[in-house]
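Below: one structure, written as structure tokens.
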Amino acid sequence: MLPKLQYHVEPQKGWLNDPNGLCYFKGKYHAFFQHHPEATQWTAPMHWAHAVSEDLIHWEELPLALVPDMPYESTLGCFSGSAVEKDGKLYLFYTAVGENLAQTQCLATSEDGLHFVKHSGNPIIPQSPVDPQSLDFRDPKVFPWEDGTYRMVCGVGRDGLAAVVLYKSSDLLHWEYAGKLFETREMGPVLECPDLFPAGDKWALCFSRMDQPQCVQFVLGQFDGEHFTPEDFQRPAVGPNFYAPQSFVDHKGRRILMGWMTPWGQPEDPEAVRCGCLTVPMEVSLNDAGNLCLYPVEEAQGYLTQEDPHVEQGQWIVKVTDGKHILLERPAKDVRDVKVFADTHTCEVFLNGGETVCSFYFEP
């Protein structure tokens with residue numbers, strides 16, 4: 020049985036996957052996550068678990084935030100989503116999976132960040148805008164727009180055509196479909212866990228690709244509130260244990276991102292009591308070379324090291340390994356800086372200020 024992590028969001032017991040509802044609310048950082056309290060593998064129905072922190076390093080697990088107890092959550096439960104604060108109230112948006120595996124977008128609110136009430140008008144978006152029969156319509160990410168209104172992006176898929184779609188709202192309750200932002204037949208059946216946020220003088224569209232395990236795609240481009248124009252495809256997070264990231268802006272104005280880590284491909288531990296964690300919180304930036312960078316927040320930088328048994332910094336090659344396999348190789352001449360954030364059984368390696376991030380589990 021793996022020892023519990025010291026500096027990551029990880030459940031005391033049960034399964035963890037996607038980060039949800041990341042936010043700063045009433046003086047604390049909140050991280051919700053996909054969870055099953057009695058399983059160490061993905062098992063329905065899904066819940067939203069809840070952890071809080073004052074420093075982004077030490078986390079306290081709280082009681083479950085969302086439990087699948089409504090008809091529209093009757094089969095697979097409460098899937099992924101996001102959080103927005105408005106007028107001192109916290110709004111949680113999530114995908115519910117109900118009868119016939121129908122995926123709908125729903126809302127719960129909280130006055131104190133501890134107790135959550137599901138909206139009486141759920142679902143607030145009852146079906147996919149591209150196909151009412153589609154079962155791939157999920158992961159609402161909501162953010163404020165500059166004119167005081169709000170935007171929501173969701174991932175959809177139909178007949179091999181995957182897309183990120185956009186909605187608009189003035190009150191967070193009523194949503195108008197505004198069209199597709201991005202679509203492709205080359206990146207899997209559905210673009211999961213989309214996010215859209217400003218990065219320098221660009222906008223970054225982020226989504227997770229089901230066609231390549233642990234593959235997260237970032238697309239830099241322009242966004243005017245209704246249309247996204249892609250310009251550059253980047254992949255700073257190379258895995259192998261990194262998926263479904265979500266970002267938020269904290270009270271200091273930082274764009275902070277956290278992803279999901281899990282020991283993909285490793286044999287299941289029959290003695291395990293928990294599985295899965297969230298990455299170290301990373302600040303997002305765009306460097307002078309136009310590269311999107313993910314680097315540990317200031318609060319975590321005191322835990323970074325320049326050397327680690329999993330990183331071989333040779334004269335010609337820099338290698339990252341999990342103790343068994345080579346996970347990443349770069350010519351030494353291209354590596355200006357190496358930083359490592361290691362915990363009891365996870366390691367996150369940051370090259371060149373976060374231009375490349377390699378996140379993985381290892382056997383202690």
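The sequence shown begins at 20 in my numbering and counts up one residue at a time.
Glycine included, each C-beta is placed from N, C-alpha and C at the ideal position.
As the structure is a prediction and not an experimental result, all values here were calculated from the model.
- Message: Do G96 and M65 have their beta-carbon atoms positioned less than 7 angstroms apart in this structure?
- Response: Start at 1 with the first residue of the sequence shown, and residue 65 comes out as number 46. Start at 1 with the first residue of the sequence shown, and residue 96 comes out as number 77. Against a cut-off of 7 angstroms, the Cβ pair of G96 and M65 comes out as a contact.
- Task: Would you mind stating whether V316 and L75 have Cβ atoms separated by less than 7 angstroms?
- Result: Translated into positions along the sequence shown, residue 316 becomes position 297. Translated into positions along the sequence shown, residue 75 becomes position 56. Cβ distance < 7 angstroms, so V316 and L75 count as in contact.
- Segments of 3+ residues assigned as beta strand (DSSP E) that fall wholly inside the region 230-302: The qualifying runs are 234-242, 247-253, 256-259, 262-268 and 274-280.
- Message: My parser needs the beta strand (DSSP E) runs of 3 or more residues fully inside the region 139-163; what are they?
- Response: 156-163
- DSSP three-state call for E165: helix, strand or coil? In the sequence shown, the residue the question calls residue 165 occupies position 146. E165: coil per DSSP, three-state reduction.
- Message: Per DSSP, what are the beta-bridge partners of N310 in this structure?
- Response: As a working mapping, residue 310 is identified with position 291 in the sequence shown. None, per the DSSP bridge assignment.
- Task: Below 6 angstroms CB to CB, which residues in the same chain sit around C42 once its five sequence neighbours on both sides are set aside?
- Result: The residue you call residue 42 lines up with position 23 of the sequence shown. Closer than 6 angstroms at the Cβ level, and outside the excluded window around C42, lie H49, A102 and F267.
- Item | G176 in three-state terms, based on DSSP | Translated into positions along the sequence shown, residue 176 becomes position 157. Reduced to three states, the DSSP call for G176 is strand.
- Message: Taking a contact to mean a Cβ-Cβ separation below 7 angstroms, would you say L126 touches F112 in this structure?
- Response: Here the question's residue 126 lines up with position 107 in the sequence shown. Here the question's residue 112 lines up with position 93 in the sequence shown. In this structure, F112 lies closer than 7 angstroms to L126 by Cβ.
- Closest by CA to F51, which one among L120, M89 and N36? Counted from its first residue, the sequence shown places residue 51 at position 32. The candidate whose alpha carbon is nearest that of F51 is N36.
- Same chain, Cβ closer than 6 angstroms to G176, five either side skipped, listed in chain order: The residue given as residue 176 occupies position 157 in the sequence shown. Taking C-beta separations shorter than 6 angstroms and ignoring five residues to either side along the sequence, the partners of G176 in its chain run D155, P208 and V209, following chain order.
- Task: In the DSSP assignment, find the beta strand (DSSP E) that holds D37 and state where it starts and stops.
- Result: Here residue 37 is taken as the residue at index 18 of the sequence shown, counted from 1. Residues G33 to F44.
- Task: Can you grab the Cα-Cα spacing for the pair G179 / G219, in whole Å?
- Result: The residue labelled residue 179 in the question sits at position 160 within the sequence shown. The residue labelled residue 219 in the question sits at position 200 within the sequence shown. Spanning the two alpha carbons is a distance of roughly 33 angstroms.
- Query: Can the beta-carbon of V339 be found closer than 7 angstroms to that of V368?
  - Reply: Translated into positions along the sequence shown, residue 339 becomes position 320. Translated into positions along the sequence shown, residue 368 becomes position 349. Yes, they are a contact pair.
- Query: Under the DSSP definition of a beta bridge, which residues are partnered with I345?
  - Reply: One-based indexing of the sequence shown puts residue 345 at position 326. T340, per the DSSP bridge assignment.
- Which residues in the same chain as N371 place their Cβ atom closer than 6 angstroms to its Cβ, once the five residues preceding and following it in sequence are excluded? Indexing the sequence shown from 1 puts residue 371 at position 352. Around N371: R355 and D356.
- G100 in three-state terms, based on DSSP: On the sequence shown, position 81 is the one that residue 100 refers to. The three-state secondary structure of G100, taken from DSSP, is strand.
- Message: The beta strand (DSSP E) that contains Q124, what's its start and end?
- Response: Along the sequence shown, one-based indexing puts residue 124 at 105. Note, Q124: beta strand (DSSP E), Q122 to S129.
- Task: Tell me K23's beta-bridge partners as DSSP assigns them.
- Result: Position 4 of the sequence shown, counted from the first residue, corresponds to residue 23. Per DSSP, none; premise fails for K23.
- Query: Going straight from the alpha carbon of C234 to that of L191, what length do you get?
  - Reply: Here the question's residue 234 lines up with position 215 in the sequence shown. Here the question's residue 191 lines up with position 172 in the sequence shown. Whole-angstrom Cα-Cα distance: 31 angstroms.
- CB of W78 within 7 angstroms of CB of V28, strictly: In the sequence shown, the residue the question calls residue 78 occupies position 59. In the sequence shown, the residue the question calls residue 28 occupies position 9. Result yes, Cβ atoms of W78 and V28 sit closer than 7 angstroms.
- Query: Distance, Cα to Cα, E165 vs G272?
  - Reply: Counting from 1 along the sequence shown, the entry for residue 165 is found at position 146. Counting from 1 along the sequence shown, the entry for residue 272 is found at position 253. When rounded, the distance between both Cα atoms is 15 angstroms.
- Query: Terminal residues of the continuous beta strand (DSSP E) containing D214?
  - Reply: The sequence position of residue 214 within the sequence shown is 195, counting from 1. Looking at the DSSP string, the run of the beta strand (DSSP E) that includes D214 is L210 to A218.
- Message: Which of the three DSSP states is assigned to E57 in this structure?
- Response: Here residue 57 is taken as the residue at index 38 of the sequence shown, counted from 1. Here E57 sits in coil by DSSP.
- Message: Can you look up G132 in the DSSP assignment and give me helix, strand or coil?
- Response: Counting from 1 along the sequence shown, the entry for residue 132 is found at position 113. Correct three-state label for G132: coil.
- Task: May I ask which residues mark the beginning and end of the beta strand (DSSP E) holding Q325?
- Result: For this step, residue 325 is matched to residue 306 along the sequence shown. That residue, Q325, is in no beta strand (DSSP E); it is neither H nor E in DSSP.
- Message: Taking DSSP's pairing of strands, which residues face V359 in a bridge?
- Response: Residue numbering aside, residue 359 sits at position 340 when the sequence shown is read from its first letter. V359 pairs with T324 and V368.
- Would you call S139 buried or exposed, if buried means 16 or more other Cβ atoms sit within 10 Å of its Cβ? As a working mapping, residue 139 is identified with position 120 in the sequence shown. The residue in question, S139, is exposed, as its Cβ has fewer than 16 Cβ neighbours within 10 Å.
- My guess is that L311 and L239 are in contact by the Cβ rule of under 8 angstroms, so how many angstroms apart are they, rounded? Position 292 of the sequence shown, counted from the first residue, corresponds to residue 311. Position 220 of the sequence shown, counted from the first residue, corresponds to residue 239. The pair is a contact, with the Cβ atoms about 7 angstroms apart (cut-off 8 angstroms).
- Opening and closing residue of the beta strand (DSSP E) in which R228 lies: Residue 228 sits at position 209 when you count from the first residue of the sequence shown. Start and end: K221 to R228.
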